[in-house]
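Comments concern the structure below.
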Amino acid sequence: MEIPYVVTARPETGIFNAKAGIWLFLASEVMLFGALFTTYILLRIGAPTWPHGELDVALATVNTAVLITSSITMVMAWASCLTKDFKKFRLYLGLTILLGATFMVIKYFEYSHHFHIGDIPSKNTFYAIYFTLTGLHGLHVLGGMIVNSYFWGPGSKMWKSEPVRFTNRIEVAGLYWHFVDLVWIFLFPTLYLL
Amino acid sequence: MKTNQPNHAVETVAAPHVGVVHVHEELPFWRRYIFSTDHKVIGLQYGFTALLFLLFGYIMMMMMRWQLAYPDTEFPKYYFVLPIAAIGAIIILMSGIKPSINTLIGILLLGLAALINYIASGEERMPDGIMLPEFYNQLGAMHGTIMVFLGIVPLAVGAFGNYVLPLQIGAPDMAFPKINMASYWAYFVGGVIMLVSFFVPGGAANSGWTSYPPLADIATTGQTLWLFGMVFLITSSLLGSINFIVTVLQLRAKGLTFFRLPFFVWAQFVTAFLLLLAFPPLEAAAVLQLMDRLAGTSFYLPSGLIVSGQVLPNTGGGSPLLWQHLFWFLAHPEVYVLILPGMGIVAEVIANNARKPLWGYKSMVYSLIFLGFMSFIVWAHHMFLTGMGTAISAFFQTTTMIISIPSVIILSCLFISLYGGSIRFNSPMLFALGFLPMFGIGGLTGLPLGLATSDIHLHDTYYVIGHFHYVVAPGTIFALFAGIYYWFPKVTGRTLNETLGKIHFWGSFVCMNFIFFPMLIQGLAGVSRRLSDGGQQYSHAQGVFQLNEVMSVAAWVMAIFQIFFIINLFISIKKGKKASENHWEATTLEWAAAPTPPIAHGNFGIVPEVHRGPYEYSLPGNAKDYSPQNELVKE
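Chains A and B are the protein sequences, given in the same order.
When the count follows numbering that gives the first Met the number 0, it moves up by one through the first sequence with no breaks and lands on 193 for the last residue.
When the count follows numbering that gives the first Met the number 0, it moves up by one through the second sequence with no breaks and lands on 634 for the last residue.
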């Protein structure tokens, strides 16, 4: 028995099932990161002093640019699906994955520098919340990279059998990827600049 | 089939059975029963797992009640272990040589008996059968955790929601069957982690089901496993709730508008939103507590904290109140997660057995939505004694008083629905009727706790325990029993025995009140909760201390009445009286359109079309007293 509205949109709601699902998932993610940002605010208000300028703003700026660019290539990958250009789709999705990897590598250098000079989570509440927030965000980036790699590699077989459904999948993966990008856009000023 | 004739039900039965055998044989055993993606199988998996956890939680409670009634006397563990082992063995023997689901459940019961036998002995838990206070704390924490997160919510949402909801809205399955399967297995892993925690050094979590820091931050390893277990359970409910919402939004049958949805579907729909949005903050809180425990951070540890005469090495700077806010931001909506599906079940059963439409269906739905919304802004009424300030207390006591209004509307509508009906007093209806006054007591005893002034006296006393158990035990659990008796014919094609059902109901109903009413009395006298000797050290407890024995005996007697249910369940699965296609002569789609028992994959032979509201009973001028939702309206 086929489940309806996997490929086409239900007329009343105007969306297909997975799109409704991903928006709900992102709503729960907002609550997850919302709770952590709240924690940040509470800890900072309660702290007698709050460290400034201990993080590498230059690296983080580069990372912000990297993630924003990856969001653009993600949209291009979806647009290429819509224009039925599979080669371009592969190129853009590949770029998205590579940019995600670049972000993670830069983050790795930041982390190892901190660990090297003894800035570990237990040093103070600032580093505690810094590592928790960026670590959880990093896991989200990694998750997105794994999903995107699947669609770039073995998952792309669906392009031949069910191109519309595959395009839907890329759209949904894209929504998630933009969310991960958006979280970073909030994290960057909160942790590095303010 | 475009035109629904009166003989529609017969046709839908005949057609689908052809397709069943075909699909059934394609899938190997493990895909059909273990890693199934069919919502009905997943619902049953949730149901049986949750019932086993409920039994385990109940036995832990009976062990604690021994300690409370007869402090520091030897626990007669074989009175508890042997009956469970015997029931397990009988179920295995009854199911015969060929292995079946019954055999598996029999084996699991034997395993449960072995687990009880293990935890009720050992130098670090119960030397010479006498319970150590540390072990009492483990039982207390795990009783709460298991009952709430592994018992009632999985049964109310995972089992009933999964099984009934797609059938009631005319859907072929849940919107995401694979995610549905992942949801069950995440729940299963979470449950296993919780059970394993009894075997690590220091035993299971022992800081209460609320896991308040700083105590939980410095507790034994069991707490770390508790946190990991919770992460899995949160993942499970996240996957489940997304599935429920999308299914209701996208897969409703043609003509099934939102105000034609059965109240049960509405209840599940609102519950899913609560799970979706309230659980992530607890996940965040759990991650922070894990960081505190494993990475040495101080999210919940204030500066200069002294433990056993020594200053903790942590840097401090955190706040124990942070946990309480994050925890109760989940745990108050969680209270409504516990009760709303129960209300949904009771509404179905009452409308069906009063043979009347629900009185005020629309106001019930609006109340439900309002209740769901308000449940997010009442959480700090659990924290009046933390010294968070009178302004905040005033805000939260106001919202708490407001949230009682929609609950009262729903309960009143259910009561009024009975007026003028020709009521059938069968076992599901008895449990549903039992729910009404019990939930009423539970709700009304909550009001003094919601007011900051009276809460000062009542906070952390047995009054609180009495209050929320009235809501959850004779409230939600009665509703769940009503659901089991009501939908059993749908699931198996057979009925549960009425006589055994009535013994089960009346026994439980009387015992419940003997267990929980004395708690209210003890609490008003000021007896604190979480005391491992029931307060025998305190002078103010002396006048009410002897009630402990009354409550304990009632708890054990109630266990005997549950045996009637277990026997009834397993005998009726194989030998119960055959149920007709629409056994209760109900109007909703799961009875009216889908065959009984439903087919393996696909649910409906012919996609149903809805022409009516959910509870069109006793319409004037009709020959029969019910008009199924898929029956055409005559011009």
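We treat Cβ as the ideally placed atom computed from N, Cα and C, and that holds for glycine.
These numbers come from a predicted model, not from an experiment.
Which of the three DSSP states is assigned to residue i in this structure?
i, result
"residue 545 of chain B", "coil"
"residue 310 of chain B", "strand"
"residue 531 of chain B", "coil"
"residue 252 of chain B", "coil"
"residue 203 of chain B", "strand"
"residue 493 of chain B", "strand"
"residue 598 of chain B", "coil"
"residue 305 of chain B", "strand"
"residue 630 of chain B", "coil"
"residue 4 of chain A", "coil"
"residue 608 of chain B", "strand"
"residue 577 of chain B", "strand"
"residue 644 of chain B", "Past the edges of chain B, shown from 0 to 634, lies residue 644 of chain B, and the structure says nothing about it."
"residue 537 of chain B", "coil"
"residue 72 of chain B", "coil"
"residue 625 of chain B", "strand"
"residue 12 of chain A", "coil"
"residue 614 of chain B", "coil"
"residue 587 of chain B", "coil"
Considering only residues of the same chain and omitting the five flanking positions on each side of residue i, which have a CB-CB separation below 8 Å?
i, result
"residue 554 of chain B", "60, 61, 64, 510 and 514"
"residue 259 of chain B", "609, 611, 612, 613 and 628"
Just the C-alpha distance for residue i and residue j, rounded to the nearest angstrom, thanks.
i, j, result
"residue 120 of chain B", "residue 575 of chain B", "40 Å"
"residue 60 of chain A", "residue 187 of chain A", "8 Å"
"residue 323 of chain B", "residue 288 of chain B", "12 Å"
"residue 456 of chain B", "residue 35 of chain A", "34 Å"
"residue 148 of chain A", "residue 99 of chain A", "11 Å"
"residue 155 of chain A", "residue 146 of chain A", "11 Å"
"residue 179 of chain A", "residue 20 of chain A", "16 Å"
"residue 22 of chain B", "residue 73 of chain B", "At residue 22 of chain B, the pLDDT of 45 sits below 50, so the modelled position is not reliable; the number obtained from the coordinates is stated separately. Answer to the nearest angstrom: the Cα atoms are 56 Å apart."
"residue 218 of chain B", "residue 76 of chain B", "27 Å"
"residue 208 of chain B", "residue 55 of chain B", "16 Å"
"residue 119 of chain A", "residue 113 of chain A", "7 Å"
"residue 105 of chain B", "residue 436 of chain B", "35 Å"
"residue 53 of chain A", "residue 122 of chain A", "13 Å"
Once the 5 residues before and after residue i are set aside, which same chain residues still bring their CB inside 6 Å of it?
i, result
"residue 421 of chain B", "354"
"residue 182 of chain A", "32 and 136"
"residue 15 of chain B", "Reliability fails at residue 15 of chain B, whose pLDDT of 35 lies under 50, so the model's placement of it is uncertain and the value that follows must be treated cautiously. Within the same chain, residue 15 of chain B has close Cβ partners 594, 598 and 604."
"residue 381 of chain B", "327"
"residue 444 of chain B", "466"
"residue 176 of chain A", "73 and 143"
With a 10 Å radius around its C-beta and 16 neighbouring C-beta atoms as the bar for buried, classify residue i as buried or exposed.
i, result
"residue 16 of chain A", "buried"
"residue 427 of chain B", "buried"
"residue 424 of chain B", "exposed"
"residue 199 of chain B", "exposed"
"residue 390 of chain B", "exposed"
"residue 160 of chain A", "exposed"
"residue 620 of chain B", "exposed"
"residue 522 of chain B", "buried"
"residue 192 of chain A", "exposed"
"residue 64 of chain A", "exposed"
"residue 172 of chain B", "buried"
"residue 153 of chain A", "exposed"
"residue 108 of chain A", "exposed"
"residue 489 of chain B", "buried"
"residue 84 of chain A", "exposed"
"residue 253 of chain B", "exposed"
"residue 117 of chain B", "exposed"
Which same chain residues, not among the five before or five after residue i, have their C-beta less than 7 Å away from its C-beta?
i, result
"residue 270 of chain B", "156, 336, 339 and 340"
"residue 284 of chain B", "322, 325 and 326"
"residue 166 of chain B", "588, 589, 593, 597 and 602"
"residue 94 of chain A", "72"
"residue 539 of chain B", "524 and 525"
"residue 38 of chain A", "128"
"residue 266 of chain B", "339, 340, 342, 343 and 367"
* To do: Pick out the complete alpha helix (DSSP H) segments inside the region 51-135 of chain A, 4 residues or longer, and give them in chain order.
  => 56-81 and 85-115
* With a floor of 4 residues, list each alpha helix (DSSP H) that falls wholly inside the region 413-455 of chain B, ordered by position along the chain. => 426-443 and 446-449
* Entirely within the region 160-217 of chain B and at least 4 residues each: give me those alpha helix (DSSP H) ranges in chain order. => 161-167 and 176-195
* To do: Please go through the region 262-304 of chain B and give each complete alpha helix (DSSP H) segment of 4 or more residues, from N-terminal end onward.
  => 262-289
* Whole alpha helix (DSSP H) runs in the region 91-146 of chain B with 4 or more residues, listed along the chain? -> 100-118 and 132-144
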